[in-house]
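See structure below.
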């Protein structure tokens with residue numbers, strides 16, 4: 001068996017997942033993702049294909065899937081290291097009978113912590129203060145408390161719920177929108193049910209995005225919608241960069257129409273420079289590290305490894321591993 005391993009956080013973080021993968025006896029080809037379609041196609045051709053992909057946010061397009069199936073070593077399974085599947089053409093994989101395995105339930109704690117870190121950083125103007133102190137200055141700007149601010153959640157899944165729990169500890173009343181409403185959780189934490197994502201955006205003081213990226217919601221947050229938001233609103237995005245129009249976000253932050261934007265993701269990763277977010281004090285950007293902790297990587301990497309190894313070994317334990 002030959003597999004292609006492309007996720008960098010998997011490769012760069014120590015843990016038991018390395019020994020588990022090595023003990024499989026599979027031939028392991030390593031690359032540094034996220035890779036674009038052309039790079040994936042080049043690797044498939046160079047190595048004569050792979051039985052399995054253990055990938056992060058690489059572009060697994062229809063062309064990549066077809067090429068991998070036609071290779072001397074045809075593709076049998078895609079094991080995503082992570083939750084979001086927007087970089088994989090899942091319908092095409094399904095049509096070609098290629099299973100796409102993923103790792104739900106492993107990173108909600110650390111991503112929620114990261115979202116709150118961005119909230120705190122923006123409300124206290126960390127970016128400007130850190131830069132000024134580093135330069136030897138003692139310049140100060142008055143910040144705002146999170147306590148008493150309305151926390152808006154778009155996507156009340158595992159991560160969204162963890163953000164709401166932390167918001168409750170901060171004294172932040174919550175409102176949320178989700179297609180699949182958890183009434184018991186909402187009642188327990190006093191979450192107001194909204195009829196639309198737009199209602200959350202135009203009403204809440206701090207909004208945290210936890211939506212899947214689809215072609216229908218790409219660029220969902222743009223100038224027209226920002227105009228309806230509070231001028232002091234803080235927007236947090238630990239989901240996908242493509243959910244917002246990046247130029248519109250940058251202009252709104254520079255003009256003071258948005259109180260701040262904290263994000264762990266951009267539309268094209270790695271970030272291409274120059275980028276609209278650079279040099280804007282009330283934009284905090286981290287390089288997609290929201291789930292990159294020792295604890296989370298260990299859980300996520302082992303789950304992805306077991307999915308891949310068990311499937312290719314004919315062990316149906318991978319089915320149980322994906323149930324939560």
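Numbering (UniProt numbering), first residue to last: 1 to 324. From the three backbone atoms N, C-alpha and C, an ideal C-beta is built for every residue, glycine too. If you're wondering where the values come from, they're calculated on a predicted model, not measured in any experiment.
Discussion item. Using C-beta distances below 7 Å, list every residue in its chain close to residue 82, excluding the 5 sequence neighbours before and after it, in chain order.
Written reply: The residue labelled residue 82 in the question sits at position 82 within the chain shown. In the same chain as residue 82, and ignoring 5 residues on each side of it, the C-beta atoms closer than 7 Å to its own belong to 56, 102, 103, 300, in chain order.
Worksheet item: If residue 233 and residue 259 are in contact, beta carbons under 8 Å, what's the gap, nearest whole angstrom?
Response: Your numbering for residue 233 matches position 233 in the chain shown. Your numbering for residue 259 matches position 259 in the chain shown. Going by Cβ atoms, the distance from residue 233 to residue 259 rounds to 5 Å, so yes, they are a contact pair.
Discussion item. By the three-class DSSP mapping on this structure, what secondary structure does residue 71 have?
Written reply: Position 71 of the chain shown, counted from the first residue, corresponds to residue 71. If DSSP states are grouped into helix, strand and coil, residue 71 belongs with coil.
Worksheet item: Would you call the CB atoms of residue 174 and residue 153 closer than 9 Å?
Response: For the purposes of this step, residue 174 is identified with residue 174 of the chain shown, where counting begins at 1. For the purposes of this step, residue 153 is identified with residue 153 of the chain shown, where counting begins at 1. Going by C-beta atoms, residue 174 is nearer than 9 Å to residue 153.
Fill in: Distance, residue 16 Cα to residue 147 Cα
Translated into positions along the chain shown, residue 147 becomes position 147. Translated into positions along the chain shown, residue 16 becomes position 16. Between residue 147 and residue 16, the C-alpha separation is close to 40 Å.
Fill in: Environment of residue 123 [buried if 16+ CB atoms lie within 10 Å]
On the chain shown, residue 123 is found 123 positions in, with the first residue counted as 1. Counting other Cβ atoms within 10 Å of its Cβ, residue 123 reaches 16 or more and is therefore classed as buried.
Discussion item. Given this structure, state the Cα-to-Cα distance separating residue 31 from residue 4, to the nearest angstrom.
Written reply: In the chain shown, counting from the first residue as 1, residue 31 sits at position 31. In the chain shown, counting from the first residue as 1, residue 4 sits at position 4. Cα to Cα, the separation comes out at about 7 Å.
Discussion item. Given this structure, state the Cα-to-Cα distance separating residue 320 from residue 303, to the nearest angstrom.
Written reply: If you number the chain shown from 1, residue 320 lands on position 320. If you number the chain shown from 1, residue 303 lands on position 303. Here residue 320 scores only 47 on pLDDT, less than 50, and its place in the model should not be relied on; the value that follows carries that caveat. Their backbone Cα atoms lie some 11 Å apart in a straight line.
Item to complete: Determine, using beta carbons only, whether residue 49 and residue 21 come nearer to each other than 9 Å.
Response: Taking the first residue of the chain shown as position 1, residue 49 is located at position 49. Taking the first residue of the chain shown as position 1, residue 21 is located at position 21. No, the pair does not count as a contact, with Cβ atoms beyond the cut-off.
Fill in: Start and end residues, alpha helix (DSSP H) containing residue 308
Position 308 of the chain shown, counting from 1, holds the residue named residue 308. Segment 294 to 312, the alpha helix (DSSP H) holding residue 308.
Item to complete: Closer than 8 Å by C-beta to residue 33: which residues in its own chain qualify, once you throw out the five before and the five after it? Chain order, please.
Response: Here residue 33 is taken as the residue at index 33 of the chain shown, counted from 1. Excluding sequence neighbours, residue 33 sits near 6, 7, 8, 55, 56, 57, 58.
Fill in: For residue 237, the first and last residue of its enclosing beta strand (DSSP E)
Translated into positions along the chain shown, residue 237 becomes position 237. Residues 234 to 237.
Worksheet item: Run through DSSP, which three-state label would residue 174 get?
Response: Indexing the chain shown from 1 puts residue 174 at position 174. Strand, per DSSP.
Worksheet item: Secondary structure at residue 139, three-state DSSP: helix, strand or coil?
Response: As a working note, residue 139 is residue 139 in the chain shown. DSSP places residue 139 in the coil class of the three-state scheme, outside both helix and strand.
Item to complete: Jot down the residue ranges of each uninterrupted beta strand (DSSP E) in the stretch 236 to 271, minimum 3 residues, whole runs only, in chain order.
Response: Counting only runs of 3 or more, we get 260 to 263.
Discussion item. Distance check for residue 196 and residue 27, CA to CA, integer angstroms please.
Written reply: Translated into positions along the chain shown, residue 27 becomes position 27. Translated into positions along the chain shown, residue 196 becomes position 196. Computed Cα separation, rounded: 48 Å.
Worksheet item: Counting along the chain, where does the beta strand (DSSP E) carrying residue 88 start and finish?
Response: Here residue 88 refers to the residue found at position 88 of the chain shown. Counting along the chain, residue 88 falls outside any beta strand (DSSP E), and DSSP gives it neither H nor E.
Worksheet item: For residue 161, which of 150, 176, 171, 149 has the nearest alpha-carbon?
Response: Within the chain shown, the letter at position 161 stands for residue 161. Closest option to residue 161, Cα to Cα, is 176.
Worksheet item: Considering only C-alpha positions, which residue in the set 19, 24, 270 is nearest to residue 313?
Response: Residue mapping note: residue 313 aligns to position 313 of the chain shown, counting from 1. Of 19, 24, 270, the smallest CA-CA separation from residue 313 is found for 24.
Worksheet item: What residue range is occupied by the uninterrupted alpha helix (DSSP H) comprising residue 49?
Response: Translated into positions along the chain shown, residue 49 becomes position 49. Note, residue 49: premise wrong, no alpha helix (DSSP H); not H, not E.
Worksheet item: DSSP state of residue 115, grouped into three classes?
Response: Position 115 of the chain shown, counting from 1, holds the residue named residue 115. Helix, per DSSP.
Fill in: Whole-angstrom C-beta distance between residue 44 and residue 112, which should lie under 8 Å
Against the chain shown, residue 112 aligns to sequence position 112. Against the chain shown, residue 44 aligns to sequence position 44. Residue 112 to residue 44, Cβ: 37 Å. No contact.
Worksheet item: For residue 60, is the classification buried or exposed, using 16 other Cβ atoms within 10 angstroms of its Cβ as the cut-off for buried?
Response: Position 60 of the chain shown, counted from the first residue, corresponds to residue 60. Its Cβ being crowded by 16 or more others within 10 Å, residue 60 is buried.
Worksheet item: Is residue 149 buried or exposed, if buried means 16 or more other CB atoms sit within 10 Å of its CB?
Response: Within the chain shown, the letter at position 149 stands for residue 149. Around the beta-carbon of residue 149, 16 or more other beta-carbon atoms lie within 10 Å, marking it buried.
Worksheet item: Looking at residue 29 and residue 18, is the spacing between their C-beta atoms short of 9 Å?
Response: By 1-based counting over the chain shown, the position of residue 18 is 18. By 1-based counting over the chain shown, the position of residue 29 is 29. Result no, Cβ atoms of residue 18 and residue 29 do not sit closer than 9 Å.
Practice prompt. Taking all protein chains shown into account, decide if residue 247 is buried (16 or more other Cβ within 10 angstroms of its Cβ) or exposed.
Written response: The sequence position of residue 247 within the chain shown is 247, counting from 1. So residue 247 ends up on the exposed side.
Item to complete: Report, in whole angstroms, the separation of the C-beta atoms of residue 238 and residue 298, which I expect to be a contact under 8 Å.
Response: By one-based count along the chain shown, residue 238 stands at place 238. By one-based count along the chain shown, residue 298 stands at place 298. Not quite, the Cβ-Cβ distance comes to about 20 Å (not below 8 Å), so this is no contact.
Worksheet item: Just how far apart, CA to CA, sit residue 306 and residue 287?
Response: The residue you call residue 306 lines up with position 306 of the chain shown. The residue you call residue 287 lines up with position 287 of the chain shown. So the two alpha carbons sit approximately 27 Å from each other.
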